[in-house]
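A.B. asks: Got a structure here, written out as structure tokens. Questions coming.
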Amino acid sequence: MREPRAHVTIGRLTKRPDFVAAASGRRFHTERMTVQARLREPSDPDTSGTGLRVGLTVTKRVGHATERNRIKRRLRAAVPVAAQDFATINADVVIIGRRDILTADYDVLIDDLRRALRVVTKPKSAHLSDRPLPSSPPLKGERRGHSHA
């Protein structure tokens, strides 16, 4: 078992623009949830504080209000446990819950969240920015690749 850590506060996303901005970042999908995240720059003026901020979304397609609320309660309980290793990363994370969360084992939820946070909070690799930009698009009637003449 892990040794207890000092309690690290994980912030909340409350405003729609933050949710929309997170949708432009990396994504991670499982049958129980989709996790989206956008890394923040520490110098962003519109961010309050530093560290991880999490927002939860469960759409009406998932079920009635009581089921949606139960999904959100389960996620709220799992996030502090799963995100303790990622709490210092400056990122906005949105978790979109699905119906399978209702029947999933709690340990499976935590494992899913840990895997998702590991993927979506990973900084962009430097070698991607060093790649050359793609060449101009083909002219009308011209095809790319091999010619089979």
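In the working numbering, each number is its position in the sequence shown, counted from 1, plus 3. We put the beta carbon where it would ideally sit given N, CA and C, even for glycine.
1) Three-state secondary structure (DSSP) at L59?
2) Whole-angstrom Cβ separation of V57 and V82, contact assumed at under 8 Å?
3) Closest to L105 by CA distance: which of G28, K18, R35 is it?
4) Exposed or buried, which one is M43 when buried takes at least 16 other CB atoms within 10 Å?
5) Measuring alpha carbon to alpha carbon, tell me which residue in D103, R77, I98, V111 is nearest R41.
6) What residues match up with G14 in a beta bridge as DSSP calls it?
7) Taking the continuous alpha helix (DSSP H) assigned at V1, which residues delimit it?
8) Could you please give me the residues that DSSP links to L42 through a beta bridge?
9) Beta-carbon within less than 7 Å of A24's beta-carbon, same chain only, minus the 5 sequence neighbours each way: which residues are those?
10) Go through its chain and collect everything with a Cβ distance to S27's Cβ below 7 Å, but skip five positions before and after it.
11) For R121, report the span of its beta strand (DSSP E) as first-last.
12) Is it true that the CB of G100 sits closer than 9 Å to the CB of L59?
13) Residue range of the alpha helix (DSSP H) that R77 falls in?
C.D. replies: On the basis of the coordinates in this document:
1) Locating residue 59 in the sequence shown gives position 56, counting from the first residue. The answer is strand: DSSP assigns L59 an E or B state.
2) Sequence index remark: in the sequence shown, residue 57 carries index 54 (1-based). Sequence index remark: in the sequence shown, residue 82 carries index 79 (1-based). Going by Cβ atoms, the distance from V57 to V82 rounds to 6 Å, so yes, they are a contact pair.
3) Counting from one through the sequence shown, the residue named residue 105 turns up at place 102. With distances taken between Cα atoms, L105 lies closest to R35.
4) Walking along the sequence shown from the start, residue 43 turns up at place 40. Position check: residue 43 holds Arg in this sequence, whereas Met was assumed. Around the beta carbon of R43, 16 or more other beta carbons lie within 10 angstroms, which makes this residue buried.
5) Here residue 41 refers to the residue found at position 38 of the sequence shown. The option with the nearest alpha carbon to R41 is I98.
6) For this step, residue 14 is matched to residue 11 along the sequence shown. When beta bridges are read from the DSSP output, G14 appears opposite R56.
7) Look at the range of the chain in this structure, 4 to 152, and you will see that residue 1 is not part of it.
8) On the sequence shown, position 39 is the one that residue 42 refers to. For L42, which the question treats as bridged, DSSP gives the partners A94.
9) Numbered from its first residue, the sequence shown carries residue 24 at position 21. So the list reads R41, D95, once near-sequence residues are dropped.
10) For this step, residue 27 is matched to residue 24 along the sequence shown. The residues are R41.
11) Your numbering for residue 121 matches position 118 in the sequence shown. Here R121 belongs to no beta strand (DSSP E); instead the alpha helix (DSSP H) covers 109-123.
12) As a first step, residue 59 is located in the sequence shown; it is residue number 56 there, counting from the start. As a first step, residue 100 is located in the sequence shown; it is residue number 97 there, counting from the start. Taking 9 Å as the Cβ cut-off, L59 and G100 qualify as a contacting pair.
13) Numbered from its first residue, the sequence shown carries residue 77 at position 74. Start and end: 68-85.
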